[in-house]
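Working notes, structure below.
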Amino acid sequence: SLLSHLKRQKWANELSAGLMKEYDDWSLFCVEVEATEAGLKHVDEIVDAIYQYLHLVQQDQIAPWVFDETQSIALMNFRFRSKETPINYATSLATRMQLYPVQHIVAGSSLLYTYNPVQVESILSQLTPRRMRLTVVAKDFEGKATDVEPWYGTLYAESALPPSLIQRWESPARTEALFCPHPNAFIPHNFDLVTTPTPGKVPVLLRDDAAARLWVKTDTTFLKPKLNICLALHSPLIYQSPTSVVLTDLLVRAIKDQLTEYTYDAELAGMRYSLSFTATALELYGGGYSDKLPVLVQLIVANMVHFNMTDDETFHRLKDKTKRSYDNFERDDPYKHALYFSSCLLEDTKWMVAEKAAAIAHVTRADLMEHAAALFRELFVEAYYHGNVDAATATTLLDDALATIGARPVFPSQRVKTRAVQLASPVEYVYAIPELNVESVNSGLYTCFQLGRESMHLRATNEVFAQLLREPCFNQLRTLEQLGYIVFSSSHRAHGIEYFRMIVQSDVASPAYKNIQAVVDALLDKPKAASEECSRFWSEISAETYLFTRRQDLAAVVRTLTIRDILTFFDQFILGPNRAKCSVHLLGHQHVVPALKSELGDVDAVLGPLASIALDLKENATPAIVHIKDIRRFKLGMPLFPERPSGPVQLAK
1 SLLSHLKRQK WANELSAGLM KEYDDWSLFC VEVEATEAGL KHVDEIVDAI YQYLHLVQQD
61 QIAPWVFDET QSIALMNFRF RSKETPINYA TSLATRMQLY PVQHIVAGSS LLYTYNPVQV
121 ESILSQLTPR RMRLTVVAKD FEGKATDVEP WYGTLYAESA LPPSLIQRWE SPARTEALFC
181 PHPNAFIPHN FDLVTTPTPG KVPVLLRDDA AARLWVKTDT TFLKPKLNIC LALHSPLIYQ
241 SPTSVVLTDL LVRAIKDQLT EYTYDAELAG MRYSLSFTAT ALELYGGGYS DKLPVLVQLI
301 VANMVHFNMT DDETFHRLKD KTKRSYDNFE RDDPYKHALY FSSCLLEDTK WMVAEKAAAI
361 AHVTRADLME HAAALFRELF VEAYYHGNVD AATATTLLDD ALATIGARPV FPSQRVKTRA
421 VQLASPVEYV YAIPELNVES VNSGLYTCFQ LGRESMHLRA TNEVFAQLLR EPCFNQLRTL
481 EQLGYIVFSS SHRAHGIEYF RMIVQSDVAS PAYKNIQAVV DALLDKPKAA SEECSRFWSE
541 ISAETYLFTR RQDLAAVVRT LTIRDILTFF DQFILGPNRA KCSVHLLGHQ HVVPALKSEL
601 GDVDAVLGPL ASIALDLKEN ATPAIVHIKD IRRFKLGMPL FPERPSGPVQ LAK
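In this text, residue positions in the sequence shown follow the working numbering: the first is 1, and each later residue adds one.
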């Protein structure tokens, strides 16, 4: 492909192409390339490659089988697409009524009807250098761009393309490195639905041993020939140190980079995948048609386990991209920085972006290869198959994946979970620093109240309290006091601990649930697609809680709540003796960080006294204020909540 060719030259990381603007009388076809630093020095050569590929397509023409294949995929996706919400469907129909004749209003935007090579040739003939506008965006042009656009004050420079370049691109040389697409091997053909003699409403456990745990739910609701596969590969090596996190990050990026050539065809055929990592596991998700999705997932697993990177140039390209993502963290919105620092304060092990930015400077390709080999040497796999699949097929698919992985089991004692820092009460902890983006005039504020270990009653009360407070919070802080263009409040939970939180600086809509019945309705709202149902169950599996009826159980508890329960919750956790509050302030450059002093003394100078001091404060409802200056030293002196216990599991009979 064109992207693969540019990657081999070390000029690009990503490429996308398609219609960007489409109107009755004109359209814009855009090719966007995410260039590397080396690619910025070869812009003309990148454009060379684009026109070489266009010229190749024009010369070879688009074969009828390409249209037939695209038509088949379009029909398949239209036939088996998930239901839309009524408002979205009505809106899209109204839009299509302006564009299509009556007989094509429903499917006109989805289906292809007749192959017309004359129209195809007409479109291709207009993709010429003389119709092109070339835009290059990079920090390298600072000082060179002197014109100012009138709306946002953006600096730019504009010039005509040299005639010699236009002539060069009009007659590009043919290269053997580029060729037209091949038939797509991922197009499914079998759309039969599986049946199960004992359909269930929740996943069932088919396997639970030292190597793996397997959950399966055969879909009997949506009746689509689709499948969702979720694999969590647990390893203690993922999050051992800042260096191991950086290497895991690089590994995930490198695997996805190598898979691009294969997964593009799969995406065209209605498949999708994601590969990410948490502090405890690599998580692979695949979704799509059950006929071909197992082929894609097996291909990805094989590429993960047999990962190999043979050249330093590719490593340095990905390393540079990863480093830039760490460096660009400072340019995020202040409220995102506030959220980030709150997790650094409240999680026992959280490697900071600054640590990762320092660690990446020293890693090598050899380090990456060694890390990959070690990571896949010992694993525990938690798997969930949801959709058009039966128990026997799911068991076989997991066996195939485990055989490909070939890892030894991880000892249960090695599978540690993240633990939450336990705040004292009634104490208010404050962490205030200048906003990381020195050019930002905005400030961000995150405030959370730690409520304790999650229970059904506590969570239900917190949900109702959060829903009742959401509109007044937004109205008071955003509309009346105008303290920020982003205002948001919600319930929150992490690592088995319940929180109520407020964020200021967010332009978020204000949905208002005004009574308990509205909360119940939201909890009992049925999933609109199999993927949504899968996501709900996978959140329980990945957290190892396995309470698949949580929403129904929670709704039952919510129904029993009274106004007295909500007032007691408020008096106890928000204003009362159990108030454990943590605030993070990111102050824009127009605000000065005040010289703050803790009422409990310098918390960074004394390690470990806060838990005992809190016992004395229990008698006093007035919260003490602790100003945190160093996150690491703060956490060294704080107790931790116990690990979140795993939920009960029982093998299917």
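Virtual Cβ for every residue (Gly too), placed ideally from N, Cα, C.
Quantities reported herein were computed from a predicted structural model and do not represent experimental measurements.
query	result
Beta-carbon proximity check, Tyr-289 vs Leu-227, cutoff 9 Å	yes
Residue from Phe-29, Glu-34, Leu-469 and Glu-84 whose Cα sits closest to the Cα of Lys-528	Glu-84
Sub-9 Å separation of Gln-52 and Thr-175 beta-carbons	yes
8 Å contact criterion, which Phe-186 and Met-271 should meet: CB distance rounded	6 Å
Distance CB(Lys-21)-CB(Thr-314) smaller than 9 Å	no
Runs of alpha helix (DSSP H) lying entirely within the stretch 248 to 328, each at least 4 residues, in chain order	293 to 305 and 312 to 327
Start and end residues, beta strand (DSSP E) containing Val-626	624 to 627
Lys-83, DSSP secondary structure in three states	coil
Segment limits, alpha helix (DSSP H) that includes Gly-387	No alpha helix (DSSP H) contains Gly-387, which is instead part of the beta strand (DSSP E) from 378 to 387.
Helix, strand or coil at Gly-588 according to DSSP, with G and I counted as helix	coil
Beta-carbon spacing of Leu-299, Cys-230 below 9 Å	no
Beta-carbon proximity list for Thr-545, same chain, < 6 Å, skipping 5 on both sides	Gly-647
Rounded distance between the beta-carbons of Leu-15 and Leu-2, thought under 8 Å	6 Å
DSSP three-state assignment for Pro-129, whether helix, strand or coil	helix
In DSSP terms, what Trp-215 is bridged to	Leu-205 and Tyr-384
Pair within 9 Å by beta-carbon distance, Asn-190 and Asp-291	yes
Simplified DSSP assignment, three categories, for Ile-62	coil
Those runs of the alpha helix (DSSP H) which lie wholly inside the stretch 149 to 205 and span at least 4 residues	163 to 170
Contact set for Leu-56: own chain, Cβ-Cβ below 8 Å, skip 5 residues either direction	Arg-174, Leu-178, Phe-179 and Cys-180
Proximal residues to Leu-161 (C-beta, below 7 Å), its chain only, five neighbours per side dropped	Leu-134
Ranges of the beta strand (DSSP E) found wholly within the stretch 483 to 569, counting only runs of at least 3	487 to 494 and 497 to 504
Residue interval of the beta strand (DSSP E) (run including Ala-35)	27 to 35
C-beta atoms of Arg-331 and Asn-442 nearer than 9 Å	no
Residue range of the unbroken beta strand (DSSP E) whose run includes His-42	Counting along the chain, His-42 falls outside any beta strand (DSSP E), and DSSP gives it neither H nor E.
Per-residue DSSP class, three states only, for Ile-433	strand
Inter-residue spacing [alpha-carbon to alpha-carbon] between Thr-91 and Leu-111	19 Å
Inter-residue Cα distance where the pair is Leu-99 and Ser-82	23 Å
Start-to-end residues for the alpha helix (DSSP H) that takes in Tyr-340	334 to 346
Nearest neighbour of Asn-13, chosen from Lys-319, Phe-573 and Asp-44 [CA to CA]	Lys-319
Sufficient close CB pairs (3 or more, under 8 Å) joining the stretch 260 to 275 to the stretch 378 to 385	no
Assigned exposure category for Val-603 - 16 Cβ within 10 Å defines buried	Because Val-603 carries a pLDDT of 41, less than 50, the predicted location of this residue cannot be relied on, and the following value inherits that uncertainty. With 16 or more other Cβ atoms within 10 Å, it is buried.
Exposure label - Asp-140; buried when at least 16 CB within 10 Å	exposed
Within 9 Å, strictly: CB atoms of Cys-582 and Glu-435	no
Neighbourhood of Leu-402 by C-beta, 7 Å cutoff - its chain only, sequence neighbours within 5 removed	Ala-211, Ala-212 and Val-381
Met-369, enclosing alpha helix (DSSP H) - first and last residue	365 to 375
Selected residue, minimal CA-CA separation from Glu-121, among Asp-60, Ala-35 and Leu-40	Asp-60
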